[in-house]
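This report refers to the structure that appears directly beneath it.
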Amino acid sequence: MNSQEIIEKEQQYFLNAYNRFPVVFARGEGVRLFDIEGNEYLDLMAGIAVNLLGYGYHPLIEAIKEEVDRLLHTSNLYYNVPQVELAERLVKQSGFSRVFLVNSGAEANEVACKMARFYGRKKHGKRYKFVSFYRSFHGRTLLTLGLTGQEKFHHHLEPFPEGIRHAHLNDLESLRSVLDDEVCGIIVEPIQGEGGIYPCERSFLQSLRALCDEQDFILIFDEVQCGMGRTGRFFAFEHFGVRPDIVTLAKGLGGGLPIGAVLVSEEIAGLTERGEHGSTFGGNPICARSACVVVDTVSNGDFLRAVQRKGELFTKYLRDLQQEFSSMVSDIRGAGLMVGLEAPGRAKMLAQKMFEKKVLVNACNDDTVRFLPPLVIGEEDLRMGIDVLREVLREMEK
Ligand SMILES: Cc1ncc(COP(=O)(O)O)c(C=O)c1O
């Protein structure tokens with residue numbers, strides 16, 4: 002079958018859910034993807050912050066193959082080795098007390114909120130509400146959609162679970178105005194991803210931490226997109242000098258396989274009883290083995306310093322473009338290799354034209370183009386992406 006036939010079949014059989022670019026990928030190598038006709042694409046999206054180590058990264062592939070030969074699945078009625086090895090790595094890396102393994106970002110956030118609610122109910126009785134922020138994205142289940150602070154994801158789905166309030170990011174007054182003594186937890190992305198790459202201000206996160214300590218609210222950081230070395234630190238929160246009570250990971254954790262994690266402080270770890278939560282696939286041996294390799298690779302200091310250096314270089318290139326095309330590009334935001342370019346009203350066309358030139362980027366909305374390249378990308382490939390972006394901006398300027 003050729004691409005066109007596959008696309009037609011998708012349109013016939015698949016639920017009408019995705020807006021896809023018209024390409025069928027067959028294979029990846031390094032930071033390049035190849036479609037089934039053999040055309041080559043430079044990937045600056047990494048499967049939306051998933052393929053941290055690019056494609057075909059030998060140690061990762063070998064570890065997965067070995068695990069496939071050993072054991073596909075056991076359920077959590079029994080123990081398995083990779084799951085426990087991953088939990089140990091994550092605890093040692095983070096300084097958190099315990100880990101729960103899940104299958105996706107939405108599920109990780111569901112678990113984090115359940116933990117905050119256990120805390121609110123078991124310790125304070127009546128506390129059950131959640132506060133999140135406008136422009137956030139936390140997932141596609143009904144709770145995580147309710148938390149997601151973007152109207153466009155809410156259409157035809159209300160009502161969401163009761164007790165969710167939204168505040169403006171980096172605005173303490175707005176936050177205070179939605180707090181009361183029934184709030185159990187506050188969830189925030191240290192750097193908002195889907196909403197358009199908006200970082201929290203350091204002082205805001207520090208005040209948020211102080212407020213949560215004062216009022217005994219559980220502070221949850223959703224690092225599903227900005228964690229796992231994406232910003233040049235293993236956790237994004239390391240940039241802010243603030244530790245949450247719970248942090249969620251997914252996306253890049255498995256390096257391409259579906260796995261997420263919820264890391265919790267000692268106080269929260271002590272709250273749950275056996276049987277109070279579960280997941281059939283969570284911590285599946287194949288995914289957990291893959292995640293062990295990713296954690297070992299990404300937690301290396303040299304690896305993280307390289308991400309920082311490449312991020313700074315890429316941001317500098319983008320800022321040069323902002324100067325050159327100041328009538329179209331109004332801002333560059335982000336950290337490490339999580340960068341957004343603000344091009345009001347033009348983001349979708351920019352992403353489309355980049356695609357036509359075989360460079361993969363994504364428009365989060367009408368205004369922001371998002372770059373999330375594999376963390377192993379080289380400087381030359383970043384440069385190449387910038388050259389294509391410049392070409393596209395020139396065409397659009399005419
Ligand atoms: C910050 C954040 N949280 C949660 C999610 C949901 O993750 P998943 O699609 O794996 O459920 C996403 C996905 O884009 C995300 O960016």
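2 is the number of the first residue of the sequence shown in my numbering; add one for each residue after it.
C-beta atoms are modelled at their ideal positions from N, C-alpha and C, and glycine is treated no differently.
Note that the structure is predicted; figures quoted are calculated from it, not measured.
1. Below 8 angstroms, how does it come out for the region 183-194 and the region 113-128: are there three or more Cβ pairs, yes or no?
2. For residue 2, count neighbouring C-beta atoms within 10 Å of its own C-beta (all shown protein chains included) and say buried if the count is 16 or more, exposed if not.
3. Given that a residue counts as buried once 16 or more other Cβ atoms are within 10 Å of its Cβ, and exposed if not, what is residue 66?
4. Would you mind sorting residue 276 into buried or exposed? The rule is 16 or more other CB atoms within 10 Å of its CB.
5. Taking 7 angstroms as the cut-off, is the CB of residue 183 close to at least one heavy atom of ligand 2?
6. So who's on the other strand from residue 193, going by DSSP bridges?
7. Just the Cα atoms here: how many angstroms apart are residue 59 and residue 342?
8. Thinking residue 24 and residue 375 are a contact (beta carbons under 8 angstroms), I'd like their distance in whole angstroms, please.
9. Do the region 346-362 and the region 262-272 meet, that is, are 3 or more Cβ pairs less than 8 angstroms apart?
10. Is it right to say residue 158 is buried, meaning 16 or more other beta carbons lie within 10 angstroms of its own, or is it exposed?
11. Compute every distance between the C-beta of residue 291 and the non-hydrogen atoms of ligand 1, then say whether any falls below 7 angstroms.
12. On the three-pair Cβ rule with 8 angstroms, is the region 250-269 touching the region 85-102?
13. Any heavy atom of ligand 1 closer than 7 angstroms to the CB of residue 115?
14. Given a cut-off of 8 angstroms on the beta-carbon distance, is the pair residue 138 and residue 168 in contact?
15. Please name the residue or residues paired with residue 296 in a DSSP beta bridge.
16. Check whether the region 37-48 touches the region 12-22, counting contact only when three or more Cβ pairs, one atom from each stretch, lie closer than 8 angstroms.
17. Could you check the C-alpha separation between residue 384 and residue 229 for me, to the nearest Å?
18. Under 8 angstroms, do residue 264 and residue 97 count as touching if we go by C-beta distance?
Here's the rundown:
1. yes
2. exposed
3. exposed
4. exposed
5. Looking at this structure, you won't find ligand 2 anywhere; what it does contain is ligand 1.
6. In the DSSP secondary-structure assignment, residue 193 is bridged to 199.
7. 32 angstroms
8. In fact, because the Cβ distance is near 18 angstroms, the residues do not count as touching under 8 angstroms.
9. no
10. Counting every other CB atom within 10 Å of its CB across the protein chains shown gives residue 158 a total below 16, marking it as exposed.
11. No, the beta carbon of residue 291 sits no closer than 7 angstroms to any heavy atom of ligand 1.
12. yes
13. no
14. no
15. DSSP, once it has assigned bridges, lists no residue as partnering residue 296.
16. no
17. 24 angstroms
18. yes
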